[in-house]
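Below is one structure; the comments refer to it alone.
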Amino acid sequence: MNIFFAFILVSVCLIFYVDVFVVLRKFRRSNSVALRANEHRRIVVLIANYRDTKRCAETLESLFSKATHPHLITVSIFDQLHLKKGERRCFDAYCDLVGERCRRSERLRRNGTIDYHDATGPTFARYQTEEGIDLDVDTFAMAIDSHTVFIPHWDSDLVGQWDSIENPKAIITVYPDSLELYPKDGDTPTGVTLMCHARIENDAPDAMVQYSSAITIACPETPLLMSQYAGGFNFGTAVSALHVRNDPHTPFLFHGEEYSRVARLWTHGYDVYIPTHMVCYHWYEKRKAIWDKDWGAKMVIARRSFRRIRAALGLSASSDDFDRTDLAQFSIGTARTMAQFKEFSGIDPLAAWIEDNEHQFDVCPPHMMALVPVEEAKAAMPSLAPSAVMREKRLAKKKLALAQDTQALRRQREDRRTLVMIANFRDSKRCAETLDSLFSQAARPDLIQVSIFDQLHVKKEPPCFDAYCTLVGKRQCRRSERLRRNATIRYIDATGPTYARYQTEKGLDLDVDTFAMAVDSHTLFIPRWDADLIGQWDSIGNPNAIITVYPDDTDEYPEDGAPPTGVTLMCHARIEDDAPDAMVQYSSSITIPCPEKPLLMSQFAGGFNFGTAVSALEVRNDPYTPYLFHGEEYSRVARLWTHGYDVYIPTHMVCYHYYEDRKSMFDKDWETKEAIGRKSQRRIRAALGLPRTRDDFDKTELDKFSIGTKRTMAQFIAFTGIDPTAAWIKNNEHQFDVCPPKELKFVPF
254 MNIFFAFILV
264 SVCLIFYVDV
274 FVVLRKFRRS
284 NSVALRANEH
294 RRIVVLIANY
304 RDTKRCAETL
314 ESLFSKATHP
324 HLITVSIFDQ
334 LHLKKGERRC
344 FDAYCDLVGE
354 RCRRSERLRR
364 NGTIDYHDAT
374 GPTFARYQTE
384 EGIDLDVDTF
394 AMAIDSHTVF
404 IPHWDSDLVG
414 QWDSIENPKA
424 IITVYPDSLE
434 LYPKDGDTPT
444 GVTLMCHARI
454 ENDAPDAMVQ
464 YSSAITIACP
474 ETPLLMSQYA
484 GGFNFGTAVS
494 ALHVRNDPHT
504 PFLFHGEEYS
514 RVARLWTHGY
524 DVYIPTHMVC
534 YHWYEKRKAI
544 WDKDWGAKMV
554 IARRSFRRIR
564 AALGLSASSD
574 DFDRTDLAQF
584 SIGTARTMAQ
594 FKEFSGIDPL
604 AAWIEDNEHQ
614 FDVCPPHMMA
624 LVPVEEAKAA
634 MPSLAPSAVM
644 REKRLAKKKL
654 ALAQDTQALR
664 RQREDRRTLV
674 MIANFRDSKR
684 CAETLDSLFS
694 QAARPDLIQV
704 SIFDQLHVKK
714 EPPCFDAYCT
724 LVGKRQCRRS
734 ERLRRNATIR
744 YIDATGPTYA
754 RYQTEKGLDL
764 DVDTFAMAVD
774 SHTLFIPRWD
784 ADLIGQWDSI
794 GNPNAIITVY
804 PDDTDEYPED
814 GAPPTGVTLM
824 CHARIEDDAP
834 DAMVQYSSSI
844 TIPCPEKPLL
854 MSQFAGGFNF
864 GTAVSALEVR
874 NDPYTPYLFH
884 GEEYSRVARL
894 WTHGYDVYIP
904 THMVCYHYYE
914 DRKSMFDKDW
924 ETKEAIGRKS
934 QRRIRAALGL
944 PRTRDDFDKT
954 ELDKFSIGTK
964 RTMAQFIAFT
974 GIDPTAAWIK
984 NNEHQFDVCP
994 PKELKFVPF
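First residue of the sequence shown? That's 254 in our numbering, and the numbers climb one at a time after it.
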């Protein structure tokens, strides 16, 4: 009996110890996962650069060189430049400064650019930088001015400070000290800035709150709660930056933009803190200003922006003449009230102006701030502003369903895959030679696959890939590795390039492919074309870039070692003929000296184009346009451009084209196919919002293959210099001419 009880006791102890061991093991595993997650938390840095490129480049140099984990940092930049004077973009200047170490493809997430004449102040510019945030990648977002210098290990320092607050809705912010106070080697910081004074800006109607003099306090042990906010340095979660965004509909708003942003953040449940010490410093020096010209007119517009933010905060305004676009999206939240914020901040935005009183509102020590709890019931209520972040999240997910963010895929530079799409119409011999050139001339053939759509006389002609395997041998062709998708139809069932190219796009896999390239089935590549082309694409610094051009004839293929001197620029067009609903036809191109990097263009070549896999699936070839030849390229680029994509010519040719007689779809039943083609022209005119003579076209999924909403068709017409509603002019190849000396300018969206 004693032995039996002893056995039971030992068994219970063993079970207990095994359970403890399992729990501890799970605890250690969960801790290691947490640590691993902490080690890989990414920061996107948001920089609005207004004609400050030299300092901005130095800011990037400091940002990356002083970071503990520069590989976890990317930037989103919005440049506002004097383009005619050749002011360079911030990241371009950074690459000039540090050379190849700039790592454009890894570090530059997004880069928008406008002419400085079109700049409207910090809120719009900062909103544009926020477009680079990816909630599926980024943990933190940090907005900084374009003239900032960082301390060593600033990133791990700042993340550590944020962690120490133990508030997932914490935002660390402060006006950085002047660079003159940058600590010398070994110096320990003893003080930090506390923003605690404010005033009503002036005696004008609708005047807003302006932060005034700050004070220096002893460095706190952990970040200290504060009620004010610095637009030029703030660090919080990426979610917070998209949840409560800068309001882009407040042009020329300077004073009041920080107060309104923190009021919105705080009422949405966020809290702001000063850091324990400065992690960055600021060049306080004279620089170019938006107010240099048309000061009076801009001030009138700014007053309307004051009235808009007053309305957004629930404050009275002297007039209701302000822009109401998306006002609810940029208004206060429901987690706390505006009345609570007034009490917490010690600032009454309805107070009268007091002359010469920098300290009209004073919440400096010994005044102590106390955290105001979020009212859970209110926080759970539906509100317009939180729905905005849900829209952002849904948009991010939608893009992910369409695409994982382009830059996320680009990060692993050495593993970026390209899917090559080839529509082959009875051209298998040349198509096989195209595949041989494609793979044999590639620097990384292991990262290239093909999607082919064959249109053949099936009894007489082999599929393209079969012909390739015959050409190079079955072992060399590596069918299972290189052929992603291959569909085949009879040539008599073929209906033209748009349907065929649509079929090739079915081979795209956004979990695998970074890039997509469409080429004709009779193309010859230069050595290392893939590394060359990706390098050119990276150099543009625009994740929505598409490189495209009509390739030169194979007769012009460069001899060994011969450097290219010129490249084709597509810049002429005309209305095809005098038939009703005639479309735009690209005409003669010109040759220009090779540019240093791909050059912005307004036309598009269906037979060679290279961009992200995302772009190829977001704006697909329209399969419901049978026998559409002229007009298919114009309509595709119009749709791409209005969806936010931009097209560029390469710096030099990476492939060449066999221009020779080949089999044609129009060899039989020409008139019948021509009549069907006219209906397709009417469909694309409808898709582009253009007039047409009849309504007899196929309307299947028309919305899906129509223009986008990022830019308008009117903007595209102005950008391209082509009027698709113009009359035909006989014998005029140059009806529309945007060749040099005309210069295309990037159109922001």
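Virtual Cβ for every residue (Gly too), placed ideally from N, Cα, C.
As the structure is a computational prediction, the values presented were derived from the model and not from experiment.
Assuming residue i and residue j make a contact with CB atoms under 8 angstroms, what is their CB distance in whole Å?
i    : j    : result
G374 : P504 : 6 angstroms
S959 : A971 : Going by Cβ atoms, the distance from S959 to A971 rounds to 19 angstroms, so no, they are not a contact pair.
P429 : F486 : 5 angstroms
T962 : D875 : About 18 angstroms separates the two Cβ atoms, so there is no contact after all.
I975 : V900 : With 8 angstroms as the limit, I975 and V900 do not qualify as a contact, their Cβ atoms being about 14 angstroms apart.
H406 : T321 : 5 angstroms
S315 : V402 : 5 angstroms
T801 : H910 : Incorrect: roughly 13 angstroms between the Cβ atoms, too far for contact.
R781 : W894 : That belief does not hold up - the Cβ atoms of R781 and W894 are roughly 30 angstroms apart, past 8 angstroms.
I386 : V297 : 6 angstroms
A451 : F614 : 4 angstroms
Straight-line CA distance for residue i to residue j?
i    : j    : result
L432 : M531 : 11 angstroms
D391 : P944 : 45 angstroms
R738 : I745 : 21 angstroms
S598 : H521 : 15 angstroms
G794 : G897 : 14 angstroms
V553 : D547 : 10 angstroms
Q333 : M836 : 36 angstroms
M448 : V515 : 13 angstroms
T978 : D831 : 12 angstroms
D820 : H905 : In the sequence as presented, Asp is not what sits at residue 820; that position holds Val. Answer to the nearest angstrom: the Cα atoms are 5 angstroms apart.
L566 : T441 : 41 angstroms
K650 : T818 : Any reading at K650 must be qualified, since the residue scores a pLDDT of 37, below 50, and its modelled position is unreliable; the value itself is stated next. Spanning the two alpha carbons is a distance of roughly 44 angstroms.
Q988 : H883 : 16 angstroms
R563 : A467 : 24 angstroms
D368 : A570 : 32 angstroms
T306 : R342 : 6 angstroms
A866 : Q729 : 27 angstroms
A656 : F768 : Caution is warranted here: a pLDDT of 40 is assigned to A656, below 50, making its placement in the model unreliable, and the coordinate value is therefore given only provisionally. So the alpha carbons of these two residues sit roughly 11 angstroms apart.
S868 : E353 : 27 angstroms
E829 : I779 : 33 angstroms
T446 : V427 : 7 angstroms
L411 : R561 : 34 angstroms
Looking at the secondary structure, which residues open and close the alpha helix (DSSP H) in which residue i lies?
i    : result
V412 : 407-418
H496 : 491-496
F958 : No alpha helix (DSSP H) contains F958, which DSSP labels as neither H nor E.
F594 : 591-598
M966 : 966-973
P750 : 750-758
G788 : 782-793
F317 : 306-318
L299 : Looking at the DSSP string, L299 is not in any alpha helix (DSSP H); the run it does join, the beta strand (DSSP E), is 296-303.
Starting from the C-beta of residue i, find all residues in its chain whose C-beta is less than 6 angstroms away, skip the five residues before and the five after it, and write them out in chain order.
i    : result
M674 : S704, T757, A771
C684 : N677, C717, S774
Compute the minimum distance between the beta carbon of residue i and the heavy atoms of the ligand SAH, and state whether it is under 6 angstroms.
i    : result
A869 : Summarising the ligand content, the structure contains no ligands, and the ligand SAH is consequently not present.
Beta-carbon within less than 7 angstroms of residue i's beta-carbon, same chain only, minus the 5 sequence neighbours each way: which residues are those?
i    : result
R679 : Q708, L709, H710, E714, Y744, K916
A542 : none
L434 : Y534
Taking residue i as part of the beta strand (DSSP E), name the residues at either end of that continuous run.
i    : result
T446 : 444-447
S329 : 326-334
M552 : Taken as a continuous stretch (DSSP letters only), M552 belongs to no beta strand (DSSP E), being part of the alpha helix (DSSP H) at 548-565.
G819 : 819-822
I585 : That residue, I585, is in no beta strand (DSSP E); it is neither H nor E in DSSP.
I937 : Looking at the DSSP string, I937 is not in any beta strand (DSSP E); the run it does join, the alpha helix (DSSP H), is 923-940.
S571 : Where S571 is concerned, there is no enclosing beta strand (DSSP E), given that its DSSP letter is neither H nor E.
D707 : 701-709
Q838 : 837-839
C533 : 533-535
In chain order, what residues of the same chain have a beta carbon less than 8 angstroms from the beta carbon of residue i, not counting five sequence neighbours either side?
i     : result
Y755  : R873, N874, D875, P876
R1007 : Any answer about residue 1007 is impossible in this case: the structure gives the chain only from 254 up to 1002.
P476  : Q414, W415, S417, I418, A423, I425, Y526, I527, P528, T529
E913  : H775
For the segment 919-930 and the segment 774-793, state whether three or more C-beta atom pairs, one from each stretch, are separated by less than 8 angstroms. no
Does the segment 346-355 touch the segment 378-397, meaning 3 or more C-beta pairs lie closer than 8 angstroms? no
Can you confirm whether the segment 720-733 touches the segment 804-816 when touching is taken to mean that 3 or more C-beta pairs between the two stretches lie within less than 8 angstroms? no
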